[in-house]
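The sequence shown runs contiguously to residue 101 in my numbering. We put the beta carbon where it would ideally sit given N, CA and C, even for glycine. Predicted, not measured: the structure shown is a model, and the values here were computed from it. A short worksheet on the structure shown next.
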Amino acid sequence: MHFVVFATDRPDALRQRLDVIDRHRAYLGEAPARHGVKVLLSGPLTNDDGETMRGSLFLLDAPDRTRIEKLFADDPLKAADVWETVEISAVHVRQNNMTGT
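This is the structure:
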């Protein structure tokens with residue numbers, strides 16, 4: 001089953017995000033497999049400048065929502081109180097033109 005996670009940062013959280021970004025990336029390197037989750041696509045949401053991070057986006061494959069919730073409960077960005085909102089939704093992917101990236 002596929003899930004999309006859309007997490008937006010608190011308006012004043014860029015410094016905290018930058019402080020823990022390496023721990024967040026390391027966590028995503030090992031934690032999804034431990035939780036039975038496969039990361040299909042992920043990356044920071046940015047302002048229109050394409051540079052300034054303001055959130056996170058994930059497309060995940062997992063048997064159920066509970067595994068997604070457990071994965072994000074221990075994410076360093078959550079622990080650092082960077083995210084203001086985290087929305088998790090099941091998604092039925094009807095079209096996928098992302099190949100080779």
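* Short check: CB of Ala31 to CB of Asp74, under 9 Å? -> Taking the first residue of the sequence shown as 1, we reach residue 31 at position 31. Taking the first residue of the sequence shown as 1, we reach residue 74 at position 74. In contact: Ala31 and Asp74 (Cβ atoms closer than 9 Å).
* Please name the residue or residues paired with Glu87 in a DSSP beta bridge. => Indexing the sequence shown from 1 puts residue 87 at position 87. Paired residues: Phe6.
* the segment 12–23 touching the segment 81–99, judged by at least three CB pairs closer than 8 Å -> yes
* Asked: Just how far apart, CA to CA, sit Met98 and Thr46?
  -> Within the sequence shown, the letter at position 98 stands for residue 98. Within the sequence shown, the letter at position 46 stands for residue 46. When rounded, the distance between both Cα atoms is 20 Å.
* To do: Go ahead and label Leu60 buried or exposed: buried means 16 or more other beta carbons lie within 10 angstroms of its beta carbon, across all protein chains shown.
  => Locating residue 60 in the sequence shown gives position 60, where the first residue counts as 1. Buried, by the Cβ-count rule.
* Asked: In three-state DSSP terms, what is Arg113?
  -> In the structure as shown, the chain starts at 1 and stops at 101, and residue 113 therefore has no counterpart that could be examined.
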